[in-house]
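**Student:** Mind looking over this structure? Questions follow.
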Amino acid sequence: MATFNVKGNLNIKGDVIDGDKIINQTITNIQNIQSPAEFTQALQHLQGQIAALKEEKALLPAQKNEIEIVEGKIVEVVEASQSEKPNGGEIRKALNDAKAMLDSIGGATTSAIGLGAILAQIAEMAFKVFGG
3 MATFNVKGNL
13 NIKGDVIDGD
23 KIINQTITNI
33 QNIQSPAEFT
43 QALQHLQGQI
53 AALKEEKALL
63 PAQKNEIEIV
73 EGKIVEVVEA
83 SQSEKPNGGE
93 IRKALNDAKA
103 MLDSIGGATT
113 SAIGLGAILA
123 QIAEMAFKVF
133 GG
């Protein structure tokens, strides 16, 4: 698990999923990403959470397939973020596409909704870290 230090004020807007401190803490950590290495660490941590999501019994086979597509997009983003000249716009698009897929699964499991929120924050940080 990656650890990020909070510097300055933290402002979280929107609904917070009651009782889910892990998601809230993860979003807090993501909002403090300052470097490509921290960005990649956050993605790698997210990969484990997405893999665990596939194990939820409430998911249909088609939903599990969508999660596998999301996993593939995350792998692509990790590789892109480690390239010599990461393209922030392409990284954000891939993350937003992955978020949309998780949002479509959200009715089956609240974990997908939480991971979608995390992906949205990582996509925002891609602009901060890589531009574009």
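Here my numbering is used: the first residue of the sequence shown is 3, the next is one more, and so on.
Where is the CB? At the ideal position from N, CA and C, for every residue including glycine.
Source: prediction; values computed, not measured.
Indicate the three-state DSSP secondary structure (helix, strand or coil) for K59 in the structure shown.
**Tutor:** coil
**Student:** Taking the continuous alpha helix (DSSP H) assigned at G91, which residues delimit it?
**Tutor:** Membership of G91 in the alpha helix (DSSP H) is indicated by the continuous run 90–107.
**Student:** Are at least three pairs of beta-carbons, each pair with one atom in the stretch 55–66 and one in the stretch 76–88, less than 8 Å apart?
**Tutor:** At 8 Å Cβ cutoff, the stretches do not touch.
**Student:** Can you tell me whether E86 is helix, strand or coil according to DSSP?
**Tutor:** Residue state, collapsed to three classes: coil.
**Student:** Leaving aside the five residues before and after D105 along the sequence, list all residues of the same chain whose C-beta is less than 6 Å from its C-beta, in chain order.
**Tutor:** G118
**Student:** Express the C-alpha separation of K56 and S113 in angstroms, rounding to a whole number.
**Tutor:** 10 Å
**Student:** Buried or exposed: where does F129 fall if 16 or more other Cβ atoms within 10 Å of its Cβ makes it buried?
**Tutor:** exposed
**Student:** When the distance is taken between beta carbons, is L97 closer than 7 Å to I124?
**Tutor:** yes
**Student:** Out of S37, P38, E92, I52, which has the shortest C-alpha to C-alpha gap to G134?
**Tutor:** E92
**Student:** Within 10 angstroms of its Cβ, does I71 collect 16 or more other Cβ (buried), or is it exposed?
**Tutor:** Around the beta carbon of I71, a 10 Å sphere encloses fewer than 16 other beta carbons of the protein chains shown; the residue is thus reported as exposed.
**Student:** For V131, is the classification buried or exposed, using 16 other Cβ atoms within 10 angstroms of its Cβ as the cut-off for buried?
**Tutor:** Buried is the call here.
**Student:** Would E86 and I52 qualify as a contact pair, given that the criterion is a beta-carbon distance under 7 Å?
**Tutor:** Not in contact: E86 and I52 (Cβ atoms no closer than 7 Å).
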